[in-house]
Amino acid sequence: MRKLALHWQILIALLLAVGYGLYFSTNYEITTNSFEVLSKANVPNEILSNIEKLTGYKYSTLTEYNKALEQQFSADQLDNYKAILINAAYSNPAIEYVSWMGDIFMRALKMLIIPLILSSLISGITNIGSGANLGRIGGKTLLFYISTSFLAILTGQILVNIIKPGVGAQINFIQEVEGLVEKQRSFKDILVHIVPENILRAMVENEMLSIIFFAILFGFFITKISKKHSDFLQQFFTSVFEVMMKITMFVIKFTPLGVFGLVAKTVADQDDFIGLMSSMGLYMLTVIVALAIHGTVTLPLIVRFIGKAKPLQHFKNMTSPLLTAFSTSSSAATLPLTISSVEEKSGVSNKISSFTLPLGATVNMDGTALYECVAAVFIAQAYGMDLTFVQQLIIVLTALLASIGAAAIPMAGLVMMTVILTAIGLPLEGVGLIIAVDRILDMFRTATNVWSDSCGAVVIAKTEGEELKV
4 MRKLALHWQI
14 LIALLLAVGY
24 GLYFSTNYEI
34 TTNSFEVLSK
44 ANVPNEILSN
54 IEKLTGYKYS
64 TLTEYNKALE
74 QQFSADQLDN
84 YKAILINAAY
94 SNPAIEYVSW
104 MGDIFMRALK
114 MLIIPLILSS
124 LISGITNIGS
134 GANLGRIGGK
144 TLLFYISTSF
154 LAILTGQILV
164 NIIKPGVGAQ
174 INFIQEVEGL
184 VEKQRSFKDI
194 LVHIVPENIL
204 RAMVENEMLS
214 IIFFAILFGF
224 FITKISKKHS
234 DFLQQFFTSV
244 FEVMMKITMF
254 VIKFTPLGVF
264 GLVAKTVADQ
274 DDFIGLMSSM
284 GLYMLTVIVA
294 LAIHGTVTLP
304 LIVRFIGKAK
314 PLQHFKNMTS
324 PLLTAFSTSS
334 SAATLPLTIS
344 SVEEKSGVSN
354 KISSFTLPLG
364 ATVNMDGTAL
374 YECVAAVFIA
384 QAYGMDLTFV
394 QQLIIVLTAL
404 LASIGAAAIP
414 MAGLVMMTVI
424 LTAIGLPLEG
434 VGLIIAVDRI
444 LDMFRTATNV
454 WSDSCGAVVI
464 AKTEGEELKV
């Protein structure tokens with residue numbers, strides 16, 4: 004019996020998860036178990052006595068439960084205990100039976116990221132060889148990533164100004180967004196923090212730009228030491244990379260189960276899915292259409308006419324990583340699968356893929372850049388603010404820089420959005436307009452990010468004279 008291809012397994016798991024999540028929607032209620040959770044978290048008696056008043060009530064959406072909490076607690080109390088109160092009231096046994104598969108899958112992928120990026124980049128740079136070769140390939144890589152991000156932003160800018168999804172949007176639907184201001188960094192801070200004070204702490208805290216900076220520096224200077232030591236280190240990191248890829252291939256076998264657990268929980272936890280579509284449908288449509296144009300027109304044209312490769316064949320080769328990226332909303336977590344598909348199916352050499360793809364997973368964020376541009380203009384339209392040409396230009400440039408600084412983790416683009424809103428003088432509360440649909444759109448833009456990374460690897464490999472399978 005012929006085994007079903009991995010991408011079909013993932014797609015079936017994805018569709019089943021959507022149906023499962025829609026059928027078993029999440030509720031919030033205070034039960035005996037809720038008090039056990041709160042007691043273990045050492046929540047004060049005052050909070051426990053207040054939450055007890057909500058016993059016996061069942062809330063079908065998180066919005067309803069949040070309103071009930073606001074009536075029982077002060078703003079200061081909610082600042083300190085809201086997260087644990089939501090966690091304690093979470094009630095969806097059917098989802099809890101399957102969500103653990105997604106949690107374990109994501110943990111396994113995250114476990115691989117740092118050793119894979121380090122070994123991949125160092126191995127790739129030592130294989131590239133001289134500083135001249137590194138400069139040439141590095142220059143091509145950065146030129147591709149910046150150019151495609153800029154084209155993505157322009158696509159989003161044009162569409163959002165034609166469709167105008169923010170005109171008439173109801174500002175009273177703004178949701179509270181916590182923790183974004185604290186996480187906000189200026190572009191200067193991002194540049195400074197590229198150089199790590201402590202590389203081990205950077206690894207613990209997943210500071211991807213710092214890790215990449217260190218790996219590039221380490222790999223480059225391996226080529227500058229004596230041949231005996233250089234060969235030893237090159238073989239060592241190449242061996243580590245090969246081991247990491249073997250572990251990766253083992254983890255990838257469980258992708259359909261992980262996807263089912265992740266997507267089922269995401270769909271089940273979504274408040275009033277149909278109502279959300281009707282109120283934010285035009286904004287979502289604008290983002291998705293813009294991403295579709297960039298992914299199915301702009302990038303394939305670049306692959307076809309600059310890379311002299313077959314974009315449709317390459318897309319077929321990338322179906323498994325793209326479906327995984329869509330499900331996990333993390334280009335970094337998808338990196339192991341992306342490297343595997345680009346090398347084994349599209350034929351890009353390890354020398355190119357091990358340098359371009361880890362770099363792309365962190366700094367090449369076409370989908371994120373496009374989304375941030377559309378979201379910023381949408382928020383301005385919702386507030387009735389007519390943006391001047393200069394302000395629109397500021398959005399384009401800031402979105403480009405912010406997308407580079409966005410960590411390759413879920414919802415990082417939302418954090419970077421605060422930088423753009425500050426640059427054009429819009430209130431940060433505007434992010435609350437788009438928070439409800441951010442998780443859904445995050446899936447689409449992550450898939451676009453990964454598709455762009457893979458196209459970059461193909462184009463750069465072809466310009467370096469490699470013979471590819473596409």
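Per the numbering used here: the sequence shown = residues 4 to 473.
For each residue, glycine too, the CB sits at the ideal point set by N, CA and C.
Since the structure is predicted, the reported quantities are computational estimates derived from the model, not experimental observations.
*asked:* Counting C-beta neighbours from all protein chains within 10 Å, is the total for LEU326 16 or more, i.e. buried, or is it exposed?
replied: Within the sequence shown, residue 326 is the residue found at index 323, counting from 1. Buried is the call here.
Exercise for review: Determine which residues share a DSSP beta bridge with GLU32 and list them.
Suggested key: Within the sequence shown, residue 32 is the residue found at index 29, counting from 1. Note: GLU32 sits in a beta bridge opposite LYS61.
(Q) Check this for me: beta carbons of ASN452 and GLY370, under 9 Å apart or not? (A) Numbered from 1 along the sequence shown, position 449 holds the residue referred to as residue 452. Numbered from 1 along the sequence shown, position 367 holds the residue referred to as residue 370. Closer than 9 Å, so yes.
- Item | Cβ distance (whole Å) where THR251 is taken to contact PRO339 below 8 Å | Here the question's residue 251 lines up with position 248 in the sequence shown. Here the question's residue 339 lines up with position 336 in the sequence shown. About 4 Å separates the two Cβ atoms, so the contact holds.
Could you give the first and the last residue of the continuous alpha helix (DSSP H) run that contains PRO199?
As a working mapping, residue 199 is identified with position 196 in the sequence shown. Unbroken run through PRO199: none, as it is neither H nor E.
message = Run through the DSSP bridge pairs and tell me what SER94 is partnered with.
response = Counted from its first residue, the sequence shown places residue 94 at position 91. ASN30, per the DSSP bridge assignment.
**Asked** What are the start and end residues of the alpha helix (DSSP H) that includes VAL377?
**Response** In the sequence shown, residue 377 corresponds to position 374, counting from 1. Run containing VAL377: 369-385, per the alpha helix (DSSP H) assignment.
Using C-beta distances below 6 Å, list every residue in its chain close to PRO259, excluding the 5 sequence neighbours before and after it, in chain order.
The residue you call residue 259 lines up with position 256 of the sequence shown. Cβ within range, chain order: GLN12, ILE13, ALA16.
Margin query: Could you check whether VAL422 and HIS317 sit closer than 9 Å to each other, using their CB atoms as the reference points?
Written below: Working through the sequence shown from its first residue, we reach residue 317 at position 314. Working through the sequence shown from its first residue, we reach residue 422 at position 419. It is not a contact, given that the beta carbons lie outside the stated cut-off.
Distance, VAL246 Cα to PHE221 Cα:
Here residue 221 refers to the residue found at position 218 of the sequence shown. Here residue 246 refers to the residue found at position 243 of the sequence shown. Taking the straight line joining both Cα atoms gives about 20 Å.
* To do: Identify the continuous alpha helix (DSSP H) that holds GLN237 and give its terminal residues.
  => By one-based count along the sequence shown, residue 237 stands at place 234. 230-255 is the extent of the alpha helix (DSSP H) around GLN237.
Beta-carbon contacts of GLY459 that lie in its chain and below 6 Å, excluding the five residues immediately before and after = Your numbering for residue 459 matches position 456 in the sequence shown. So the list reads PHE147, THR359, GLY363, once near-sequence residues are dropped.
- Query: Terminal residues of the continuous alpha helix (DSSP H) containing ALA524?
  - Reply: Given that the chain is displayed from residue 4 to residue 473, the structure contains no residue 524 and the question cannot be resolved.
Would you report the Cα separation of GLU200 and PRO118, rounded to the nearest angstrom?
In the sequence shown, the residue the question calls residue 200 occupies position 197. In the sequence shown, the residue the question calls residue 118 occupies position 115. Going from the Cα of GLU200 to the Cα of PRO118 covers about 19 Å.
State the start and end residues of the unbroken alpha helix (DSSP H) segment that holds HIS317. The residue given as residue 317 occupies position 314 in the sequence shown. Per DSSP, HIS317 belongs to the alpha helix (DSSP H) from 314-320.
In the DSSP assignment, find the unbroken alpha helix (DSSP H) run with THR301 in it and report its ends.
Working through the sequence shown from its first residue, we reach residue 301 at position 298. For THR301, there is no enclosing alpha helix (DSSP H), as DSSP gives it neither H nor E.
Exercise for the section: Indicate the three-state DSSP secondary structure (helix, strand or coil) for PHE329 in the structure shown. Expected result: As a first step, residue 329 is located in the sequence shown; it is residue number 326 there, counting from the start. Looking at PHE329 - three-state DSSP - the assignment turns out to be helix.
Quick check on the DSSP output: the alpha helix (DSSP H) that includes VAL309 runs from which residue to which? In the sequence shown, the residue the question calls residue 309 occupies position 306. Note that residue 309 corresponds to Ile in the displayed sequence, not to Val. Element bounds for ILE309: n/a, residue is neither H nor E.
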